[in-house]
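Take a look at the structure set out below.
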Amino acid sequence: MNNQYISSFQFIGNSVKSFKIKNDFISFDDEDAFKKKLDVFHSVQEIEEMEEGNVLSGVLQLNIKVVFSEGKKKYTVDLIMEGCFIAPSEIGKDAFEKMLAINGLTSLYSVARGFVQSVTAQTVLSGSVLLPMFNVVAYSKDLNKKEKEE
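Everything in the sequence shown is counted per our numbering, starting at 188 for the first residue and increasing by one.
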């Protein structure tokens with residue numbers, strides 16, 4: 188591997204803080220028959236400078252709720268996942284927080300997609316829940332716009 192392409196911003200690991208499924212025994216044979224709703228929210232839980240190695244460490248929390256509904260039947264997934272990230276402290280806390288919001292969110296959402304697909308494959312008659320790809324850049328722009336309006 189060519190080390191010149193390795194990012195200084197690194198994903199250390201993740202944990203599932205909460206995972207809930209409500210299943211009215213919907214089969215996903217005809218996914219087009221369902222109304223689908225996806226809500227995503229993130230928050231930076233903490234950023235700290237670690238004395239050893241001049242490293243910034245940050246925890247990002249990701250909340251995902253997806254609902255498939257057909258009439259009164261619902262299949263709901265609620266997930267709260269946290270990810271830990273590090274970067275050299277010379278990039279500064281502001282830049283690190285921006286990296287958490289874009290790079291960190293992108294990485295953690297990808298992990299969440301795999302987790303949700305794997306677990307939900309065991310909870311429905313056929314198929315699984317595959318979270319759609321998520322446009323983090325558009326999401327971030329909307330958040331920044333809302334913050335400026337407030």
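Think of the CB as a built atom: it goes at the ideal place given N, C-alpha and C, for glycine as much as any other residue. A quick note: this is a predicted structure, and the numbers were derived from the prediction, not measured.
Residue closest to residue i, alpha-carbon to alpha-carbon, out of the options
{"i": "Ala299", "options": "Val242, Ile267, Phe255", "result": "Ile267"}
{"i": "Ile278", "options": "Pro319, Lys261, Ser244", "result": "Ser244"}
{"i": "Asp265", "options": "Glu284, Gln309, Lys207", "result": "Lys207"}
{"i": "Gly258", "options": "Glu336, Met286, Lys222", "result": "Lys222"}
{"i": "Gly291", "options": "Phe196, Ile251, Gln304", "result": "Phe196"}
{"i": "Lys285", "options": "Val324, Gln309, Glu269", "result": "Val324"}
{"i": "Asn210", "options": "Ala288, Ala308, Glu269", "result": "Ala308"}
{"i": "Lys260", "options": "Thr293, Ser294, Ala220, Lys328", "result": "Ala220"}
One or two residues paired with residue i in a DSSP bridge
{"i": "Met237", "result": "Val242"}
{"i": "Gly270", "result": "Asn201, Leu247"}
{"i": "Asn281", "result": "The residue you asked about is not Asn; residue 281 is Asp in the sequence shown. DSSP lists no partner for Asp281."}
C-beta contact flag for residue i and residue j at 8 Å
{"i": "Cys271", "j": "Ile199", "result": "yes"}
{"i": "Val227", "j": "Phe321", "result": "yes"}
{"i": "Tyr326", "j": "Leu249", "result": "no"}
{"i": "Val303", "j": "Tyr262", "result": "no"}
{"i": "Glu233", "j": "Val246", "result": "yes"}
{"i": "Ile273", "j": "Val316", "result": "no"}
{"i": "Leu330", "j": "Ile251", "result": "no"}
Whole-Å CB distance - residue i paired with residue j, under 8 Å assumed
{"i": "Val253", "j": "Lys224", "result": "7 Å"}
Range of the contiguous beta strand (DSSP E) that encloses residue i
{"i": "Lys207", "result": "197-210"}
Endpoints, the alpha helix (DSSP H) within which residue i is located
{"i": "Thr293", "result": "292-307"}
{"i": "Leu330", "result": "323-336"}
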